[in-house]
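Protein chains in written order, with this note's numbering: chain A, 12 to 294; chain B, 388 to 667. For every residue, glycine included, the Cβ atom is placed at its ideal position computed from N, Cα and C. Here the structure is laid out as structure tokens; the discussion comes afterwards.
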């Protein structure tokens with residue numbers, strides 16, 4: 012029934028070597044079938060491709076890290092998962108993205124609804140400056156199903172607790188979010204993302220603009236988030252990928268080179284390019 | 388050593404010139420205000436605000452109906468013009484990349500440069516003539532037509548300043564495009580949009596020419612928007628060109644009140660911006 016099992020890209024396009032063949036078996040999935048998966052996904056910018064023919068599964072309740080040098084397509088892949096990619100003029104996608112077996116790019120699927128099931132946190136914190144802290148957290152609820160009055164405050168509190176921010180802001184829920192530190196703002200954005208209860212959370216270099224303290228806060232938080240959500244994180248920081256992820260996928264020049272359990276990718280990569288990258292020889 | 392001296396002399400000279408230019412720029416404003424205060428302040432008393440215009444030959448009287456009339460006509464212009472202007476501005480900033488956006492922007496810029504007397508004549512032929520009589524409604528239309536392109540262009544500029552990352556964040560939360568534009572982008576730019584609107588309103592509140600052909604003026608009190616109505620600029624004009632010294636004094640007072648009104652609106656605009664800066 013499962014259309015895609017996570018395994019290394021079947022063919023690094025130019026020459027399909029037999030090296031890919033022994034990689035059979037669910038190398039990347041310690042925890043059963045994937046919640047989210049791509050199937051031969053190619054993302055286009057006009058006539059050029061950002062991501063080529065990627066087939067990859069994201070198992071439920073795990074953290075999958077997408078790594079690779081700048082321009083390798085990891086962010087493009089991430090933005091294809093919740094149909095943000097197509098907002099760029101001229102951008103389109105071929106192939107499939109399956110959430111619980113359902114193709115998100117099938118005809119008749121509303122991208123707005125897709126984005127409600129797959130939340131996203133960006134590189135720079137993006138609190139809405141015209142809204143208070145509480146309004147920010149509740150922002151995603153405004154476009155969801157109608158809630159009874161009291162429930163909104165409850166959801167806001169729970170979301171802030173899950174984002175490990177409640178204790179710091181509970182006395183100033185109605186203040187501007189811009190008074191918060193960068194790390195707090197990013198946790199606020201995470202609270203805003205979890206409040207509508209998505210199934211998947213995408214993190215696009217969530218600590219790139221934070222100081223070390225803010226970074227370690229977010230990393231601890233990611234460990235909590237994976238208990239409830241499927242988490243995909245793009246990071247430039249290899250130590251971070253090693254620290255927070257269960258599965259790592261390495262991309263190079265728009266292609267998926269190798270995916271597998273994080274410890275294996277970092278200690279015994281099968282591909283030479285992966286080894287060169289994780290040992291810091293390029294990128 | 389000599390080079391340094393020359394540099395300092397030239398530097399001071401240029402700085403001095405910019406101060407001079409700035410002083411020259413505010414000199415007319417200061418002169419006008421001083422003149423108005425000298426000539427008009429003496430005639431501002433309670434009568435000025437509560438009494439109506441008097442018939443020819445009588446002395447006394449005030450600008451009560453003209454003040455009320457200006458508020459009504461400008462209010463009408465706001466009701467008609469602000470929503471259209473703000474809506475058009477948001478459209479231009481958020482979706483106006485194509486040919487239609489280009490045309491709208493071009494037309495708005497052209498209308499910003501159109502003399503207001505021309506707009507008065509156009510409204511006269513489009514509204515006054517078919518209705519058969521002058522009216523406050525026609526005056527409001529004329530001012531609204533002046534208001535719309537100013538508001539549209541300033542709103543567009545302000546909405547453009549909202550960082551794209553906020554749009555993306557809203558879209559990623561599952562906001563449809565239109566709700567992103569209204570609930571997040573326009574809301575973020577709200578204070579700036581309000582400021583732009585106030586500045587535009589201050590600008591049209593003093594317009595005289597378009598009202599000559601539309602609201603026409605009225606000696607008597609009228610709150611009916613489909614009949615001729617008095618307005619501050621109109622009564623100032625009437626009294627200023629009239630033959631009586633008494634009228635001239637009142638016209639000065641009227642001008643002072645009009646300037647103060649515009650000043651108050653501009654100040655309000657500044658305060659809105661200031662409050663915004665505090666919040667952020």
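Starting from the Cα of residue i, find the closest Cα among the options and give me that residue.
| i | options | result |
| --- | --- | --- |
| residue 83 of chain A | A:194, A:156, A:93, A:269 | A:269 |
| residue 532 of chain B | B:472, B:437, B:393, B:457 | B:472 |
| residue 612 of chain B | B:636, B:407, B:413, B:523 | B:523 |
| residue 436 of chain B | B:661, B:641, B:655 | B:641 |
| residue 627 of chain B | B:586, B:595, B:414 | B:595 |
| residue 132 of chain A | A:192, A:174, A:67 | A:174 |
| residue 585 of chain B | B:609, B:508, B:643, B:468 | B:468 |
| residue 58 of chain A | A:89, A:101, A:224, A:97 | A:101 |
| residue 207 of chain A | A:104, A:255, A:253, A:153 | A:153 |
| residue 562 of chain B | A:95, A:191, A:235 | A:95 |
| residue 600 of chain B | B:505, B:415, B:654, B:565 | B:505 |
What does a CB cutoff of less than 8 Å around residue i pick up in its chain, not counting 5 residues either side in sequence?
| i | result |
| --- | --- |
| residue 134 of chain A | 215, 216, 217, 219, 220 |
| residue 499 of chain B | 536, 537, 540 |
| residue 293 of chain A | 80, 287 |
Give the DSSP-derived three-state secondary structure of residue i in the structure shown.
| i | result |
| --- | --- |
| residue 66 of chain A | strand |
| residue 131 of chain A | strand |
| residue 656 of chain B | helix |
| residue 266 of chain A | strand |
| residue 40 of chain A | Note that residue 40 of chain A scores 43 on pLDDT, short of 50, meaning its location in the model is unreliable and no value can be drawn from it. |
| residue 585 of chain B | helix |
| residue 73 of chain A | coil |
| residue 501 of chain B | coil |
| residue 559 of chain B | helix |
| residue 56 of chain A | strand |
| residue 442 of chain B | coil |
| residue 431 of chain B | coil |
| residue 50 of chain A | strand |
| residue 280 of chain A | coil |
| residue 616 of chain B | strand |
| residue 463 of chain B | helix |
Go through its chain and collect everything with a Cβ distance to residue i's Cβ below 6 Å, but skip five positions before and after it.
| i | result |
| --- | --- |
| residue 615 of chain B | 521, 603, 605 |
| residue 140 of chain A | 189 |
| residue 463 of chain B | 527 |
| residue 167 of chain A | 145, 148, 149 |
| residue 210 of chain A | 128 |
| residue 285 of chain A | 261, 268, 269 |
For residue i, count the other beta carbons within 10 Å of its own beta carbon; 16 or more makes it buried, fewer makes it exposed. Which is it?
| i | result |
| --- | --- |
| residue 290 of chain A | exposed |
| residue 667 of chain B | Summary for residue 667 of chain B: the model assigns pLDDT 44, below 50, so the residue's position carries little reliability, and this model does not support an answer. |
| residue 63 of chain A | buried |
| residue 589 of chain B | buried |
| residue 489 of chain B | exposed |
| residue 419 of chain B | exposed |
| residue 232 of chain A | buried |
| residue 228 of chain A | buried |
| residue 70 of chain A | buried |
| residue 406 of chain B | exposed |
| residue 425 of chain B | exposed |
| residue 33 of chain A | At residue 33 of chain A the pLDDT is 37, less than 50, meaning the model places this residue with poor confidence; the figure from the coordinates comes in the next sentence. Result: exposed. |
Quick check on residue i - is its C-beta less than 8 Å from some C-beta in chain A?
| i | result |
| --- | --- |
| residue 552 of chain B | yes |
| residue 562 of chain B | yes |
| residue 575 of chain B | yes |
| residue 479 of chain B | no |
| residue 558 of chain B | yes |
| residue 659 of chain B | no |
| residue 544 of chain B | no |
| residue 581 of chain B | no |
| residue 492 of chain B | no |
| residue 467 of chain B | no |
Quick check: is the beta carbon of residue i nearer than 8 Å to any beta carbon in chain B?
| i | result |
| --- | --- |
| residue 145 of chain A | no |
| residue 33 of chain A | Note on residue 33 of chain A: pLDDT 37, under 50, position unreliable in the model; the coordinate value appears next. Chain B, which has no Cβ nearer than 8 Å to the Cβ of residue 33 of chain A, makes this no. |
| residue 13 of chain A | Confidence at residue 13 of chain A is low in this model, with a pLDDT of 41, below 50, so the placement of that residue is unreliable and no value is reported for it. |
| residue 292 of chain A | no |
| residue 151 of chain A | yes |
| residue 24 of chain A | Residue confidence is low: residue 24 of chain A scores 40 on pLDDT, short of 50, so the model does not pin down where it sits. Its coordinate-derived value is still stated next. Output row for residue 24 of chain A: interface = no. |
| residue 154 of chain A | yes |
| residue 36 of chain A | Residue placement at residue 36 of chain A is flagged as unreliable, the pLDDT there being 38, under the threshold of 50; the coordinate-derived value follows with that caveat. By this cut-off, residue 36 of chain A is not an interface position. |
| residue 98 of chain A | yes |
| residue 53 of chain A | no |
| residue 69 of chain A | no |
Take residue i and list the residues in its own chain whose beta-carbon comes closer than 7 Å to its own, dropping the five residues that flank it on each side.
| i | result |
| --- | --- |
| residue 495 of chain B | 536, 539, 540 |
| residue 477 of chain B | 542, 546, 568, 573 |
| residue 645 of chain B | 593, 619, 620, 623 |
| residue 638 of chain B | 623, 626, 627 |
| residue 479 of chain B | 488, 491, 492, 539, 543 |
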